[in-house]
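Asker: Here's a structure for you.
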Amino acid sequence: MSLTPDLIRANMSLEEIETHDHVALFYADDDERDRQSARLCSIGYERGEQIVLLATPDVLEGLRRHLTIPGRSLAELEAGGNLRAVLFDEGESYDEEKALLLLEKLVHDGVAKGFPAVRIITYASSLARWWDMKALLRIESLCNEIFEETAAVSVCLWQANEPMVMSVVARHPFLVVRGFLCSNYFYMAPADVAKDERAIPVGPAFLDRLLDIQMNELSLKQQDERMKEVNCRLADEMEQRQKVEWALVLSENNYRNALNAMADMVHVIDREGKVVLANHVFIDKVKQLGYPGNVIGDRLSDMLPYLCQENLEDNERVFNTGCSLKKEEMVRIAGHDICIEVRKIPVMNGPSAYNVLTIAREVEQR
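Heads up: the sequence shown begins at 1 in the numbering used here, then just goes up one per residue.
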């Protein structure tokens with residue numbers, strides 16, 4: 001979408017990053033990395049926060065040549081205690097436990113010196129030499145608990161061409177893409193991350209598409225006051241559509257991987273009621289219920305005969321109207337009544353729906 005200057009000024013939102021936030025910031029090249037770092041440092045300095053840079057000596061040296069805060073050099077900031085550079089020594093070993101203890105100590109030391117918060121800026125590419133990617137991502141995930149409980153602001157800078165960028169996304173509650181702060185609909189809690197260590201590679205268009213989705217949401221917020229009531233009703237549907245749109249920008253293989261990263265039961269049917277795509281959670285559940293078929297290519301009504309006629313009619317309604325549907329229904333499985341929250345979302349091809357994506361999860365009875 002086209003971005004007007006007013007819209008850009010209104011929503012360039014690094015300033016909206018708050019205490020306790022853990023944000024992944026993606027950059028395309030070193031120049032963008034240094035520009036974004038300068039903004040982050042300037043914002044932290046204006047708020048009176050202590051700025052901590054976690055980097056290797058070579059990266060920090062490059063940053064010293066580019067990062068400036070109006071009226072203050074980095075050397076002056078370091079001398080005054082406003083900025084602290086933590087250099088990872090080539091000869092020292094940093095296991096996961098030691099890394100987490102270091103973060104806690106950095107925050108504690110800064111607060112003890114009177115700073116209202118500590119802004120930790122981490123350059124992930126510098127740290128990758130001490131841990132393999134899985135270990136680094138586990139640390140990123142476990143850090144969320146530290147930042148929730150301490151006066152810390154954490155921004156991790158990642159190269160946008162990182163082959164495991166979707167795995168990076170899953171570890172951070174918030175993202176910064178092209179300078180815009182985005183809520184992360186793919187965030188996974190540490191306990192869920194531990195169950196799924198798979199890498200989810202993406203194509204080069206992912207970040208642009210991600211930003212386009214976020215800017216579409218922001219532009220809606222700029223509309224006339226008369227549209228606010230409509231936007232509130234659409235907010236829930238937008239969230240579900242965004243999950244689907246994020247997946248659809250990937251290739252078919254990546255689309256499957258994105259769905260498999262979700263903890264809900266997910267499947268997609270065509271107009272004949274045949275399952276054309278399903279995640280592992282859905283397939284495992286169907287197998288547990290004793291269905292002997294292949295799932296993919298079979299009719300939903302054959303593999304789940306206990307589905308009521310109303311559920312099948314709901315699918316037809318979504319196909320015919322092109323509108324999403326959300327409801328709760330009781331299903332009797334193996335002699336037990338289970339309450340299921342169901343969201344059905346049309347997959348559109350022009351004005352018509354050619355598939356229906358269903359996201360289902362068990363909920364406690366109300």
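Note that beta-carbon positions come from the ideal geometry of N, C-alpha and C, so glycine has one too.
(1) By the 10 Å Cβ neighbour count, where 16 or more other Cβ atoms means buried, how is Arg33 classified, buried or exposed?
(2) Does the structure place the segment 71-81 close enough to the segment 134-145 that three or more beta carbon pairs sit under 8 Å?
(3) Within 10 angstroms of its Cβ, does Val363 collect 16 or more other Cβ (buried), or is it exposed?
(4) Spatial neighbours of Gly110 within its chain, please: C-beta separation below 6 Å, excluding the five flanking residues on both sides.
(5) Which residue from Gly293, Val176, Leu304 and Arg361 puts its Cα closest to that of Ala263?
(6) Quick one: measure Cβ to Cβ for Glu16 and Leu181, integer angstroms, because I've assumed they're closer than 8 Å.
(7) Please report how far the alpha carbon of Gly80 lies from the alpha carbon of Tyr123, in whole angstroms.
(8) Please report how far the alpha carbon of Gln159 lies from the alpha carbon of Arg39, in whole angstroms.
(9) So, using beta-carbon positions, are Val347 and Val286 closer together than 8 Å?
(10) In its own chain, which residues sit with a C-beta less than 6 Å from the C-beta of Gly44, not counting the 5 before and 5 after it?
(11) Between the Cα of Ala151 and the Cα atoms of Glu18, Gly293, Phe26 and Asn279, which residue gives the shortest distance?
(12) So, with DSSP's three-state summary, where would you put Asp270?
(13) Can you look up Arg138 in the DSSP assignment and give me helix, strand or coil?
(14) Could you have a look at Lys113 and say whether DSSP puts it in helix, strand or coil?
(15) Quick check on the burial criterion: 16 or more other C-beta atoms within 10 angstroms. Buried or exposed for Ala112?
(16) Are the beta-carbon atoms belonging to Lys274 and Asp314 less than 8 Å from one another?
(17) Here's the rule I'm using: 16 or more other beta-carbon atoms within 10 Å means buried, otherwise exposed. How should Gln309 be labelled?
(18) Once DSSP output is grouped into helix, strand and coil, what is the label at Glu18?
(19) When you compare the CB positions of Val23 and Val155, do they come within less than 8 Å of one another, or not?
(20) Could you name the residues of the same chain whose beta carbon sits closer than 7 Å to that of Lys327, not counting the 5 residues immediately before and after it, in chain order?
(21) Identify the continuous beta strand (DSSP E) that holds Ser352 and give its terminal residues.
(22) Can you tell me where the beta strand (DSSP E) with Asn315 in it begins and where it stops?
(23) Contact check, Leu325 vs Arg317 under 8 Å by CB: the rounded distance?
(24) Is the beta carbon of Glu96 closer than 8 Å to that of Ala55?
(25) At the level of alpha carbons, what is the spacing between Val153 and Asp284?
(26) Is Ile43 helix, strand or coil by DSSP?
(27) Grab the span of the beta strand (DSSP E) containing Val155 for me, first residue to last.
(28) My assumption, with CB atoms under 8 Å, is that Asn349 sits in contact with Val276. Please give the rounded CB distance.
(29) In this structure, what does DSSP give as the bridge partners for Leu277?
(30) Tell me which residues share the same chain as Tyr27 and place their Cβ nearer than 8 Å to its Cβ, disregarding the 5 neighbours each side in the sequence.
(31) On the criterion of 16 or more Cβ atoms from any shown chain inside 10 Å, does His336 qualify as buried, or is it exposed?
(32) For Leu289, which option in Asp298, Ala278 and Met303 has the closest C-alpha, if you only look at C-alpha atoms?
(33) Can you tell me which of the three DSSP states Ile340 falls into?
Answerer: Walking through what the data contain:
(1) Stepping through the sequence shown from its first residue, residue 33 is reached at position 33. Label assigned to Arg33: buried.
(2) no
(3) As a working note, residue 363 is residue 363 in the sequence shown. Result: exposed.
(4) On the sequence shown, position 110 is the one that residue 110 refers to. Cβ within range, chain order: Gln50 and Val118.
(5) In the sequence shown, residue 263 corresponds to position 263, counting from 1. Ranking the options by Cα distance to Ala263, first place goes to Arg361.
(6) What you label residue 16 is simply residue 16 of the sequence shown in a count that begins at 1. What you label residue 181 is simply residue 181 of the sequence shown in a count that begins at 1. Contact holds; Cβ gap of about 5 Å.
(7) Your numbering for residue 80 matches position 80 in the sequence shown. Your numbering for residue 123 matches position 123 in the sequence shown. One C-alpha to the other measures close to 23 Å.
(8) As a first step, residue 159 must be located in the sequence shown, where it is residue number 159. As a first step, residue 39 must be located in the sequence shown, where it is residue number 39. Roughly 17 Å between the two C-alpha positions.
(9) Numbered from its first residue, the sequence shown carries residue 347 at position 347. Numbered from its first residue, the sequence shown carries residue 286 at position 286. In this structure, Val286 does not lie closer than 8 Å to Val347 by Cβ.
(10) Reading the sequence shown from its first residue, position 44 is the one you call residue 44. The answer, listed in chain order, is Ile51 and Arg119.
(11) Your numbering for residue 151 matches position 151 in the sequence shown. Comparing Cα positions, the closest option is Glu18.
(12) Along the sequence shown, one-based indexing puts residue 270 at 270. Note: Asp270 maps to coil in three-state DSSP.
(13) As a position in the sequence shown, residue 138 is number 138, starting the count at 1. If DSSP states are grouped into helix, strand and coil, Arg138 belongs with the helices.
(14) On the sequence shown, residue 113 is found 113 positions in, with the first residue counted as 1. In the structure shown, Lys113 sits in coil (DSSP, three-state: anything other than H, G, I, E or B).
(15) In the sequence shown, residue 112 corresponds to position 112, counting from 1. With fewer than 16 Cβ atoms within 10 Å of its Cβ, Ala112 is classed as exposed.
(16) By 1-based counting over the sequence shown, the position of residue 274 is 274. By 1-based counting over the sequence shown, the position of residue 314 is 314. Not in contact: Lys274 and Asp314 (Cβ atoms no closer than 8 Å).
(17) Your numbering for residue 309 matches position 309 in the sequence shown. That one is exposed.
(18) Residue numbering aside, residue 18 sits at position 18 when the sequence shown is read from its first letter. In the structure shown, Glu18 sits in coil (DSSP, three-state: anything other than H, G, I, E or B).
(19) Along the sequence shown, read from residue 1 onward, the residue named residue 23 stands at position 23. Along the sequence shown, read from residue 1 onward, the residue named residue 155 stands at position 155. Cβ atoms of Val23 and Val155: closer than 8 Å.
(20) As a first step, residue 327 is located in the sequence shown; it is residue number 327 there, counting from the start. Answer for Lys327: Val342, listed in chain order.
(21) In the sequence shown, residue 352 corresponds to position 352, counting from 1. Note, Ser352: beta strand (DSSP E), Ser352 to Val363.
(22) The residue given as residue 315 occupies position 315 in the sequence shown. Where Asn315 is concerned, there is no enclosing beta strand (DSSP E), although the alpha helix (DSSP H) it sits in stretches over Gln309 to Thr321.
(23) Working through the sequence shown from its first residue, we reach residue 325 at position 325. Working through the sequence shown from its first residue, we reach residue 317 at position 317. 7 Å between Cβ atoms; contact.
(24) Sequence index remark: in the sequence shown, residue 55 carries index 55 (1-based). Sequence index remark: in the sequence shown, residue 96 carries index 96 (1-based). Against a cut-off of 8 Å, the Cβ pair of Glu96 and Ala55 comes out as no contact.
(25) Along the sequence shown, read from residue 1 onward, the residue named residue 153 stands at position 153. Along the sequence shown, read from residue 1 onward, the residue named residue 284 stands at position 284. Their backbone Cα atoms lie some 39 Å apart in a straight line.
(26) Along the sequence shown, one-based indexing puts residue 43 at 43. Correct three-state label for Ile43: helix.
(27) For this step, residue 155 is matched to residue 155 along the sequence shown. Per DSSP, Val155 belongs to the beta strand (DSSP E) from Ala152 to Gln159.
(28) For this step, residue 349 is matched to residue 349 along the sequence shown. For this step, residue 276 is matched to residue 276 along the sequence shown. Actually they do not touch by this definition, with Cβ atoms about 14 Å apart.
(29) On the sequence shown, position 277 is the one that residue 277 refers to. Paired residue(s): Val268.
(30) Along the sequence shown, read from residue 1 onward, the residue named residue 27 stands at position 27. Within the same chain, Tyr27 has close Cβ partners Arg33, Gln36, Leu157, Trp158, Gln159 and Ala160.
(31) Residue numbering aside, residue 336 sits at position 336 when the sequence shown is read from its first letter. Counting Cβ neighbours within 10 Å, His336 comes out exposed, since fewer than 16 surround it.
(32) The sequence position of residue 289 within the sequence shown is 289, counting from 1. Checking every option, the nearest Cα to that of Leu289 belongs to Met303.
(33) As a working note, residue 340 is residue 340 in the sequence shown. It is a strand residue.
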